[in-house]
Amino acid sequence: MEMPIPNAAVMSKRDRVLARLAQVVPSEALITDEAERRAYECDALTAYRCIPLAVTLPTTTQEVSDILRICHEEDVPVVPRGSGTSLAGGALPTADSVILGVARMRDMLEVNYADRYVRVQTGMTNLAVTGEVESDGFFYAPDPSSQLACAIAGNIAMNSGGAHCLKYGVTTNNLLGVTIVQMDGTVLEIGGAHLDAAGYDLLGVICGSEGQLGVVTEATLRILPKPEGARPVLMGFDSNEVAGECVSDIIKAGVLPVAIEFMDRPCIRACEDFAHAGYPDCEALLIVEVEGSAAEIDEQLGVIKQIARRHNPVELRESQSEEESKKIWLGRKSAFGAMGQINDYMCLDGTIPVSSLPFVLRRIGEMSKEFGLDVANVFHAGDGNMHPLILFDANKPGDLELCEEFGAEILKLCVEAGGCLTGEHGVGIEKRDLMSVQFAPEDLEAQMRVKDVFDPKWLLNPAKVFPLGASAGRRAA
């Protein structure tokens, strides 16, 4: 229970809010020092920064509820934060906001192998979930490249996928239930250990809502038995377009690999230098992995290699050992970090129909010359989730703005090709002003009315997702 605040009437609002927060969380869970708050001024989209009013790091759902209730009563915005790996500015604070980070909420709450689910606190990292169950032959399927660091909370907020989502789906396909705290402190239980909840699909509304509707503190996740075996094959091609055509043909053939990953020459070289994965010297590389019994793997790879040969690959090589497979995937999983060692870049994640890959890759190459900025391509080719990395010089005046303009044109291209603005990174601040490219005013209004229901004061994760012009006056009202 909160104790009365002495002299509350004469205290500044900031001091009053901090004093109230100090009564519901331990001292080590409330960060007010400017130098320490600066560590939370941005997420992985480091081009934009703002020091928050304060940072809270609760460890229980009750503490989250108390923090939100106080901020709701004081009309203080709250920015939910997982591990801060968002590439779209999803956890960027405002100067008047309180960061609510779940990074200390890392407990495994329940493991149920009979019904194939786990219940976790959402500060737990993606890879840690699999780490808890893999010795018993199970795994958690979504595997974003940042899985070593990213939190389940952020995965739910952005509906993250990963290299193996072609077969197993993204977060929404592996999420069974959540405990979510609304802005006024109300705690809701949605879904559960069963496959489908009764009534409206509120779980589908929450997954991918980017912290606009509430703070998810616990999650029930589907776990799966590990496959009998898996094997990747490397396919090198003379051009991005030919590699894109090969991907399209594999999908059209009805074969379902567990993953089809694409890298072009700049990314291949960076990853090879970093991981020494044995990648071929080529313009475009596909990593195609299948799984099952040895006979199933041989049959699937036989069909896939036959398709690949029709596109005259410069190299076509199966992994010959578990060690080689691990190196192949280490290179791919290290792509963003490896590129970051050699250049500043902005990472996009527009999604397109697989059949449009050759056209979109060709247009990106043409646009790269028009803007005078190089692009490294690495993405989940099997489901058309592209991750073009636009290379620029952060120390060169005007380069960031040019990069942003180029990125906007690529995302518009994705929408024009029949795709969408984001596959798994979210809208955040990066794409909020492009939402009108994909959605009509009536569509945006319908989405904002959902937020009105969950967060009438519009205090959760301000200035994200919706174009500022469209949402103007919503918070004030």
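Going by this note's numbering, the sequence shown opens with residue 1359, and the numbers climb by one from there.
Idealized CB from N, CA, C, for every residue including glycine.
Based on the DSSP secondary-structure assignment, which residues constitute the bridge partners of residue i?
{"i": "Glu-1676", "result": "Val-1591"}
{"i": "Asp-1707", "result": "BP columns for Asp-1707 are empty, so no partner."}
{"i": "Gly-1459", "result": "Arg-1439"}
{"i": "Phe-1824", "result": "The partner list for Phe-1824 (beta bridge, DSSP) is empty, contrary to what the question assumes."}
{"i": "Ala-1412", "result": "Val-1456"}
{"i": "Asn-1470", "result": "Tyr-1475"}
{"i": "Thr-1417", "result": "None, per the DSSP bridge assignment."}
{"i": "Leu-1388", "result": "Thr-1414"}
{"i": "Ile-1618", "result": "Val-1646"}
{"i": "Pro-1583", "result": "Phe-1496"}
{"i": "Thr-1578", "result": "Arg-1477, Gly-1535"}
{"i": "Leu-1818", "result": "Val-1436"}
From residue i to residue j, what does the alpha carbon distance come to, in whole angstroms?
{"i": "Thr-1530", "j": "Met-1369", "result": "45 Å"}
{"i": "Pro-1755", "j": "Leu-1747", "result": "19 Å"}
{"i": "Asn-1819", "j": "Asp-1559", "result": "22 Å"}
{"i": "Tyr-1498", "j": "Arg-1477", "result": "12 Å"}
{"i": "Glu-1647", "j": "Gly-1784", "result": "26 Å"}
{"i": "Gly-1740", "j": "Ile-1609", "result": "7 Å"}
{"i": "Asn-1532", "j": "Ala-1511", "result": "14 Å"}
{"i": "Gly-1742", "j": "Gln-1479", "result": "31 Å"}
{"i": "Gly-1689", "j": "Ile-1645", "result": "11 Å"}
{"i": "Met-1697", "j": "Ala-1628", "result": "6 Å"}
{"i": "Ala-1555", "j": "Glu-1392", "result": "44 Å"}
{"i": "Gly-1442", "j": "Glu-1394", "result": "15 Å"}
{"i": "Phe-1737", "j": "Ile-1665", "result": "20 Å"}
{"i": "Leu-1571", "j": "Asp-1596", "result": "47 Å"}
{"i": "Met-1806", "j": "Glu-1603", "result": "39 Å"}
{"i": "Val-1773", "j": "Val-1795", "result": "8 Å"}
{"i": "Gly-1765", "j": "Gly-1827", "result": "21 Å"}
{"i": "Asn-1670", "j": "Ile-1655", "result": "22 Å"}
{"i": "Asp-1622", "j": "Arg-1667", "result": "19 Å"}
{"i": "Ala-1397", "j": "Trp-1687", "result": "31 Å"}
{"i": "Ala-1453", "j": "Ala-1830", "result": "18 Å"}
Using 8 Å as the threshold, is the C-beta distance between residue i and residue j below it?
{"i": "Pro-1585", "j": "Gly-1650", "result": "yes"}
{"i": "Ile-1768", "j": "Gly-1708", "result": "yes"}
{"i": "Arg-1474", "j": "Ile-1581", "result": "yes"}
{"i": "Ile-1548", "j": "Gly-1535", "result": "yes"}
{"i": "Val-1591", "j": "Lys-1663", "result": "yes"}
{"i": "Cys-1408", "j": "Pro-1451", "result": "yes"}
{"i": "Gly-1520", "j": "Gln-1505", "result": "yes"}
{"i": "Val-1487", "j": "Ile-1538", "result": "no"}
{"i": "Pro-1435", "j": "Gly-1569", "result": "no"}
{"i": "Leu-1719", "j": "Glu-1641", "result": "no"}
{"i": "Leu-1845", "j": "Val-1383", "result": "Outside the displayed range of the chain (1359 to 1835) lies residue 1845, so it cannot be described from this structure."}
{"i": "Ala-1577", "j": "Ile-1626", "result": "no"}
{"i": "Arg-1589", "j": "Leu-1659", "result": "yes"}
{"i": "Ile-1425", "j": "Leu-1458", "result": "yes"}
{"i": "Pro-1624", "j": "Glu-1673", "result": "no"}
{"i": "Ala-1693", "j": "Ser-1518", "result": "no"}
{"i": "Glu-1432", "j": "Lys-1371", "result": "yes"}
{"i": "Arg-1790", "j": "Phe-1750", "result": "no"}
{"i": "Phe-1729", "j": "Ala-1775", "result": "no"}
{"i": "Met-1541", "j": "Gly-1448", "result": "no"}
{"i": "Leu-1840", "j": "Leu-1445", "result": "An answer regarding residue 1840 cannot be provided, because it is not within the stretch 1359 to 1835 covered by the chain."}
{"i": "Leu-1415", "j": "Arg-1378", "result": "no"}
{"i": "Ala-1652", "j": "Gly-1587", "result": "yes"}
{"i": "Gly-1543", "j": "Ser-1423", "result": "yes"}
{"i": "Ala-1635", "j": "Lys-1685", "result": "yes"}
{"i": "Leu-1792", "j": "Leu-1779", "result": "yes"}
{"i": "Ala-1752", "j": "Asp-1702", "result": "yes"}
{"i": "Tyr-1526", "j": "Asp-1494", "result": "no"}
Assuming the contact rule is C-beta atoms closer than 8 Å, residue i and residue j should be a hit. Round their C-beta distance to whole Å, please.
{"i": "Leu-1817", "j": "Cys-1429", "result": "7 Å"}
{"i": "Val-1460", "j": "Gly-1440", "result": "6 Å"}
{"i": "Asn-1405", "j": "Leu-1758", "result": "Here the sequence assigns Ala to residue 1405, which means Asn is not the residue at that position. With 8 Å as the limit, Ala-1405 and Leu-1758 qualify as a contact, their Cβ atoms being about 6 Å apart."}
{"i": "Val-1528", "j": "Glu-1782", "result": "7 Å"}
{"i": "Leu-1485", "j": "Val-1616", "result": "Actually they do not touch by this definition, with Cβ atoms about 17 Å apart."}
{"i": "Val-1661", "j": "Ala-1611", "result": "6 Å"}
Cβ-heavy atom distance between residue i and the ligand NAP below 7 Å?
{"i": "Glu-1641", "result": "Among the components modelled here there is no ligand, and therefore nothing to report on the ligand NAP."}
Less than 8 Å between CB atoms is the rule here; does residue i satisfy it with respect to chain D?
{"i": "Gly-1784", "result": "Protein chain content of the structure displayed is limited to a single chain, and chain D is not contained in it."}
For this session: Give, in chain order, every unbroken run of the beta strand (DSSP E) that is at least 3 residues long and sits entirely within the stretch 1717-1789.
Result: 1733-1738, 1746-1750
Problem set entry | Entirely enclosed beta strand (DSSP E) segments - the stretch 1622-1704, minimum 3 residues | Runs of the beta strand (DSSP E) inside the stretch 1622-1704: 1642-1649, 1673-1676.
For this session: For the stretch 1480-1538, list the beta strand (DSSP E) runs that are entirely contained and at least 3 residues long, ordered along the chain.
Result: Under the rule that a run must span 3 or more residues, no beta strand (DSSP E) segment is found entirely inside the stretch 1480-1538.
Exercise. Which full runs of the beta strand (DSSP E) of 3+ residues lie inside the stretch 1532-1575, going along the chain?
Worked result: 1533-1539, 1545-1549
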